[in-house]
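The structure appears below as C-alpha cells.
Numbering (my numbering), first residue to last: 42 to 812.
Shown next as C-alpha cells:
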C-alpha cells in the first residue's frame with residue numbers, strides 16, 4: 042500500500058486577538074492506507090486545570106482517591122489515573138457541547154430564510170435565538186484563542202511568547218516515514234513493512250550481546266584503570282532520603298511544555314495541583330528510594346523518531362527520543378541532581394559534556410589554539426575526529442555497572458539506577474501506529490534526565506586508557522610545554538584526538554579504541570571519522586590507509602558545529618554565519634511582519650544566531666559589520682526592486698537602551714568584546730582546560746622573546762598581552778604589557794586582523810611592533 046496522495050491545507054488562525062494572524066502557515070499531511078488500528082495515549086491538557094472550577098474538582102478527586110493501597114508507588118499511580126479520568130470526562134463534555142453548537146451557522150441560515158417569508162413572532166424569536174447561539178460560539182472560539190495566545194488585551198500586540206515564535210517558525214516537519222531502504226537497496230513503501238522493519242531494527246539495537254570470557258576480562262581490565270572515586274561524604278549524600286525541598290525544587294524547575302509518556306502527565310499538572318499532590322509525591326519518591334524499583338508500566342517508554350537530515354530513507358538517520366512517564370522522570374531527576382555536582386571530581390577535565398563548570402567552547406578553543414601552536418612550534422600533529430555509531434544506544438549495561446562500581450559508588454545507589462534501567466520496555470511510534478513492545482537490554486535512553494551523566498561516566502575508562510598509553514610513550518599528543526599536552530577532547534561521544542604524524546601512532550590509537558569497543562559495546566565508524574593535519578605540510582603515507590575521510594589543505598568540516606579547516610580560515614566561519622542569517626531572513630522576508638514583531642525577532646533571534654561562533658572563534662571587524670548590515674536591512678525592509686530601504690533612525694540610536702529611546706539592541710561588536718573579556722578572565726584565573734594552558738604558553742613565549750610579534754591570531758590572547766596585567770602568569774613581577782593597562786569599557790577597540798586607520802594606536806600592535 043503505497044503513497045496515495047498529498048493534501049496541502051492552509052491552516053489560518055481564527056482568533057482576532059492572535060499574535061500573528063497575518064502569518065499563513067502551510068501544513069502538509071501525508072495520507073496512507075493502514076490496516077493496523079491507530080491508538081494514542083491521552084495527553085492531560087494542563088490548561089483545563091487553569092480553570093478554578095476544574096482545579097477544585099481535581100482536588101476533590103485526589104483527596105477522595107482510595108487509600109487502601111499500602112504501596113505508596115501504587116497509590117500515586119492510582120491517584121494520577123483518577124485525575125486522568127476526570128480530564129477525559131471534561132474533554133468529552135466539551136466535545137459534546139461543541140457538537141451541539143456545531144450547527145449554529147445552519148440554524149442561522151434556516152431562520153434567516155424563514156424570516157424572509159414568515160414575519161410571525163415565532164420566526165423572529167427563532168432568528169434571535171440563532172443569532173445569540175452563533176455569537177456565543179464565536180465568543181467562545183475567540184476566548185479559546187486568546188487563552189492559547191496568552192494575551193490579555195488586543196492592544197498588547199505582538200509579545201515575546203513561545204506561541205509567537207512557534208507560529209512564526211512553523212514549517213511542517215514531515216515525520217511520516219514515506220519509504221525506507223533495506224539492506225539490499227530495495228525501497229519499502231508499504232506501511233506494515235515499514236513498521237515491522239523499524240521494530241526489528243530497534244529490537245536488535247537494544248538487545249544485549251552475548252559475552253565471552255575474554256570480553257568479561259577485557260571489561261574488568263578497562264574499568265580497573267579508573268583512578269577517581271566518590272568520597273564517603275558523597276556516597277552518604279546519594280544514600281540519604283531526598284528532602285522535600287529537593288523534590289519540590291525539581292518539580293518546579295523541570296522544563297515546561299514537554300511531551301509526556303504513556304501516563305499523559307505533564308509537569309504543569311503537578312505544578313497546578315502541587316498543594317494537594319505533594320505529600321503523595323514525597324511518599325512515592327521515598328518508597329522508590331527504599332524499594333529501589335518502579336512498578337507497573339512506570340518504566341515503559343515510547344520512542345519518537347526525529348529525522349537528523351534529509352536522507353530519511355535510511356533508518357540510522359532518525360534519532361530515537363524516548364518519552365517517559367512522570368514518575369520515572371522525577372526519580373531520574375532526583376538522582377541526576379545529586380550526582381551532577383559530583384561529576385567534576387570523578388571525570389577528567391577533557392570530558393566537557395554535561396559536567397558542571399565545563400563548556401563545549403573549551404573543545405573548540407583547544408583545537409583552534411592547538412592549530413596555531415603546532416605552526417609556531419613546528420610540530421607535525423594529526424587531529425582525528427572520531428565518530429561512534431549510536432553511542433548512547435550501544436552502552437553495555439554490565440560495563441555501566443562496573444564503571445559505577447569502580448568509581449566508588451555504593452551498591453544501593455547502583456541498584457536504584459538499575460531499577461530505572463533494567464527491565465524497561467519501549468515501543469516505537471511510527472506513522473501514527475505503534476510497534477510491538479521490546480525490552481531495553483542495553484543503552485541509556487535519550488530523553489532520560491540521568492542518561493547524559495551516565496554516558497559521560499562511561500567515557501572515563503577511555504580517557505584513562507589514552508593517558509596511560511601517553512605515559513608509556515606509545516601515543517604522543519601536541520606538546521604544550523611544562524609537562525602539558527593536548528591529546529584528547531570529548532563532548533559526550535564527540536571525540537577529538539591529537540597524535541603525532543609518526544608511523545604507527547594511528548594503529549596504536551585504533552588498538553586502544555578497539556579495546557574500549559569490546560568492553561563497552563561502542564562501535565567506531567571510520568567512514569564518518571575525519572583526519573586533518575594541524576600544520577599544513579606533506580601528507581604522511583599512512584593517512585591514506587586509515588579508512589577515514591581526509592580533510593586536506595583548505596577543506597573545511599564541522600567540528601562541534603563550527604567550520605574547521607587547516608589552515609584556519611576565518612572567512613569560511615564568517616560565510617557560514619552569514620548563510621544562517623540569510624536563510625532566516627529569506628524565510629521571514631515574505632511575511633507581513635509588523636514593527637513590534639521585527640524588533641522581537643531582531644533582539645531575540647537574529648542577535649543570538651552568531652553567539653556560539655562568537656564565543657568559540659570570534660569574527661573580524663568586517664565580518665561583524667556585515668552581520669549588522671543584514672540586521673539593519675531586515676529591520677527597515679526592502680524596496681520593490683530588491684534594494685534595502687533607507688534607515689529612518691541611526692543604528693547607534695537603535696542600539697541604545699529603551700529608556701534612552703533605543704530598542705535595547707546589543708551590537709555584535711559589543712557582544713564579541715564582552716565574550717572575549719570573559720575568556721581573558723578565565724586565562725588569568727587559570728584552569729585545567731587545555732586551551733587555557735595553550736593561551737598561557739603563547740603569552741609566556743611572547744614575553745620571553747620581548748616583542749609583540751603576532752604569533753597567535755586569537756584576539757583573546759592578544760588582548761591579554763596588550764591590556765591586562767600578567768604578573769600571575771610569568772611570576773616575574775610587572776611587565777610592559779601589565780603597565781599598559783586600559784579601561785576596556787571606554788575603549789573603542791578594533792578587532793585583530795581588521796583594517797586600521799592611520800594614526801590608530803592599535804595599528805602598531807596588530808602590525809607586530811610595540812608602540
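Using N, Cα and C, we set each Cβ at its ideal position, and we do this for glycine too. All figures in this text were calculated on a predicted structure; none of them were measured in a lab.
Q. Sorted by chain position, which residues of the same chain lie with C-beta nearer than 6 angstroms to residue 493's C-beta, five sequence neighbours on each side aside?
A. One-based indexing of the chain shown puts residue 493 at position 452. The residues are 395.
What would DSSP say about residue 653, mapped onto helix, strand or coil? For the purposes of this step, residue 653 is taken as the residue at position 612 of the chain shown. Note: residue 653 maps to helix in three-state DSSP.
Whole-angstrom distance between residue 220 and residue 70, CA atom to CA atom: For the purposes of this step, residue 70 is taken as the residue at position 29 of the chain shown. For the purposes of this step, residue 220 is taken as the residue at position 179 of the chain shown. Confidence is the limiting factor: at residue 70 the pLDDT is only 33, short of 50, which leaves the residue's position unreliable, though a coordinate-based value still follows. Distance from the CA of residue 70 to the CA of residue 220, rounded to the nearest whole angstrom, comes to 15 angstroms.
Selected residue, minimal CA-CA separation from residue 114, among 354, 478 and 368:
For the purposes of this step, residue 114 is taken as residue 73 along the chain shown, with counting starting at 1. Nearest C-alpha to residue 114: 368.
Original post:
residue 539 bridges to which residues according to DSSP?
Top reply: Reading the chain shown from its first residue, position 498 is the one you call residue 539. Secondary-structure assignment with DSSP links residue 539 through a beta bridge to 424.
Count Cβ pairs between the stretch 502-521 and the stretch 263-277 that sit closer than 8 angstroms; are there 3 or more? Yes: the two stretches touch, three or more of their Cβ pairs being nearer than 8 angstroms.
For this session: Scan the stretch 333-381 and note each continuous beta strand (DSSP E) run of 3 residues or more that stays entirely inside, going in chain order.
Result: Listed in chain order, the complete beta strand (DSSP E) runs (minimum 3 residues) inside the stretch 333-381 are 341-348 and 359-364.
Residue span of the alpha helix (DSSP H) that contains residue 106, given as start and end: Within the chain shown, numbered from 1, the residue matching residue 106 stands at position 65. Segment: none, residue 106 is in no alpha helix (DSSP H) and carries neither H nor E.
- Just the C-alpha distance for residue 711 and residue 666, rounded to the nearest angstrom, thanks. Translated into the one-based positions of the chain shown, residue 711 becomes position 670. Translated into the one-based positions of the chain shown, residue 666 becomes position 625. The C-alpha of residue 666 is placed about 12 angstroms away from the C-alpha of residue 711.
Assuming residue 734 contacts residue 525 (C-beta within less than 8 angstroms), just tell me the rounded distance between them. As a working note, residue 734 is residue 693 in the chain shown. As a working note, residue 525 is residue 484 in the chain shown. Rounded to whole angstroms, the Cβ separation of residue 734 and residue 525 is 5 angstroms, and the two are in contact under 8 angstroms.
Just the Cα atoms here: how many angstroms apart are residue 598 and residue 287?
Residue 598 sits at position 557 when you count from the first residue of the chain shown. Residue 287 sits at position 246 when you count from the first residue of the chain shown. One Cα belongs to residue 598, the other to residue 287, and the distance between them is close to 43 angstroms.
Notebook entry, point to check: residue 503 by DSSP, collapsed to three states: which one?
Noted result: Numbered from its first residue, the chain shown carries residue 503 at position 462. Three-state DSSP puts residue 503 in a helix.
Query - Sequence-distant residues of its chain with Cβ nearer than 7 angstroms to residue 571 (five each side left out) - result: Taking the first residue of the chain shown as 1, we reach residue 571 at position 530. Correct list, in chain order: 426, 589, 590, 592 and 598.
Notebook entry, point to check: Just reading off the alpha helix (DSSP H) that residue 695 is part of, what are its end residues?
Noted result: Residue numbering aside, residue 695 sits at position 654 when the chain shown is read from its first letter. If you look at residue 695, you'll find it in the alpha helix (DSSP H) that goes 692-695.
- request: With DSSP as the reference, please indicate the residues paired to residue 679 in a beta bridge.
  value: The residue you call residue 679 lines up with position 638 of the chain shown. According to DSSP, which records beta bridges pairwise, residue 679 is partnered with 685.
- prompt: Excluding five sequence neighbours on each side, which residues of the same chain lie with their C-beta closer than 7 angstroms to the C-beta of residue 242?
  reply: Position 201 of the chain shown, counted from the start, is the residue given in the question as residue 242. Once the five neighbours on either side are set aside, the close Cβ partners of residue 242 are 356.
Fill in: Own chain partners of residue 731 with C-beta closer than 6 angstroms, once the 5 adjacent residues on each side are dropped
Here residue 731 corresponds to residue number 690 of the chain shown, with the count starting at 1. Once the five neighbours on either side are set aside, the close Cβ partners of residue 731 are 407 and 527.
Review point. Among 501, 563, 541 and 374, which has the Cα closest to the Cα of residue 483?
Key: In the chain shown, the residue the question calls residue 483 occupies position 442. When only C-alpha atoms are compared, the closest one is 563.
_Would you call the stretch 610-625 in contact with the stretch 646-655, where contact means no fewer than 3 C-beta pairs closer than 8 angstroms?_
Yes: the two stretches touch, three or more of their Cβ pairs being nearer than 8 angstroms.
Check: Are there three or more Cβ pairs, one per stretch, closer than 8 angstroms when the stretch 368-383 is compared with the stretch 550-564?
Finding: Contact annotation: the stretch 368-383 does not touch the stretch 550-564, with fewer than three C-beta pairs closer than 8 angstroms.
message = Tell me the residue span of the alpha helix (DSSP H) that contains residue 235.
response = For the purposes of this step, residue 235 is taken as residue 194 along the chain shown, with counting starting at 1. Residue range 232-246 is occupied by the alpha helix (DSSP H) that includes residue 235.
With H, G and I counted as helix, E and B as strand and the rest as coil, what does DSSP make of residue 527?
Taking the first residue of the chain shown as position 1, residue 527 is located at position 486. In the three-state reduction of the DSSP assignment, residue 527 falls in the strand class, which pools E and B.
Item checked: Distance CB(residue 622)-CB(residue 671) smaller than 7 angstroms -> If you number the chain shown from 1, residue 622 lands on position 581. If you number the chain shown from 1, residue 671 lands on position 630. Yes; because the gap between Cβ atoms is below 7 angstroms, this pair is in contact.
For the stretch 388-404 against the stretch 312-324, are there 3 or more C-beta pairs whose distance is under 8 angstroms?
With the cut-off at 8 angstroms, the stretch 388-404 and the stretch 312-324 do not touch.
(Q) Closest to residue 685 by C-alpha separation, out of 218, 673, 164 and 645, would be which residue? (A) Position 644 of the chain shown, counted from the first residue, corresponds to residue 685. Cα-wise, what sits closest to residue 685 is 673.
Checklist entry - How do the stretch 340-349 and the stretch 450-467 stand: do at least 3 beta-carbon pairs fall below 8 angstroms, yes or no? => result A contact is defined here as three or more CB-CB pairs under 8 angstroms, and the stretch 340-349 meets this definition with respect to the stretch 450-467.
I'd like to check one pair, residue 127 with residue 471: are the Cβ atoms closer than 7 angstroms? For this step, residue 471 is matched to residue 430 along the chain shown. For this step, residue 127 is matched to residue 86 along the chain shown. One thing to note: residue 471 has its Cβ no nearer than 7 angstroms to the Cβ of residue 127.
- Roughly how many angstroms lie between the CA atoms of residue 279 and residue 303, to the nearest whole one? Locating residue 279 in the chain shown gives position 238, counting from the first residue. Locating residue 303 in the chain shown gives position 262, counting from the first residue. Going by the C-alpha atoms only, they are around 29 angstroms apart.
- Message: As a quick exercise: from 378, 330 and 160, pick the residue whose alpha carbon is nearest that of residue 295.
- Response: For the purposes of this step, residue 295 is identified with residue 254 of the chain shown, where counting begins at 1. Of 378, 330 and 160, the residue nearest in Cα terms is 378.
(request) Measure the CB-CB distance between residue 539 and residue 522 and report whether it falls below 7 angstroms. (result) Taking the first residue of the chain shown as position 1, residue 539 is located at position 498. Taking the first residue of the chain shown as position 1, residue 522 is located at position 481. Contact flag unset, no.
| query | My guess is that residue 292 and residue 308 are in contact by the Cβ rule of under 8 angstroms, so how many angstroms apart are they, rounded? | reply | Position 251 of the chain shown, counted from the start, is the residue given in the question as residue 292. Position 267 of the chain shown, counted from the start, is the residue given in the question as residue 308. That belief holds up - the Cβ atoms of residue 292 and residue 308 are roughly 7 angstroms apart, short of 8 angstroms.
_Using only CA atoms, which one of 121, 83, 84 and 117 lies nearest to residue 99?_
Within the chain shown, the letter at position 58 stands for residue 99. For residue 99, the nearest C-alpha among the options comes from 121.
Bridge partners - residue 600, DSSP secondary structure assignment
Taking the chain shown and counting its residues from 1, one reaches residue 600 at position 559. Residue 600 is bridged to 603.
Put residue 522 into one of helix, strand or coil per three-state DSSP.
Here residue 522 refers to the residue found at position 481 of the chain shown. Correct three-state label for residue 522: strand.
Hey, residue 225 and residue 729: beta-carbon distance below 7 angstroms or not?
For the purposes of this step, residue 225 is identified with residue 184 of the chain shown, where counting begins at 1. For the purposes of this step, residue 729 is identified with residue 688 of the chain shown, where counting begins at 1. Contact flag unset, no.
What are the start and end residues of each continuous alpha helix (DSSP H) run of 4 or more residues lying completely inside the stretch 112-172, in chain order? Listed in chain order, the alpha helix (DSSP H) elements of length 4 or more contained wholly in the stretch 112-172 are 113-142 and 145-158.
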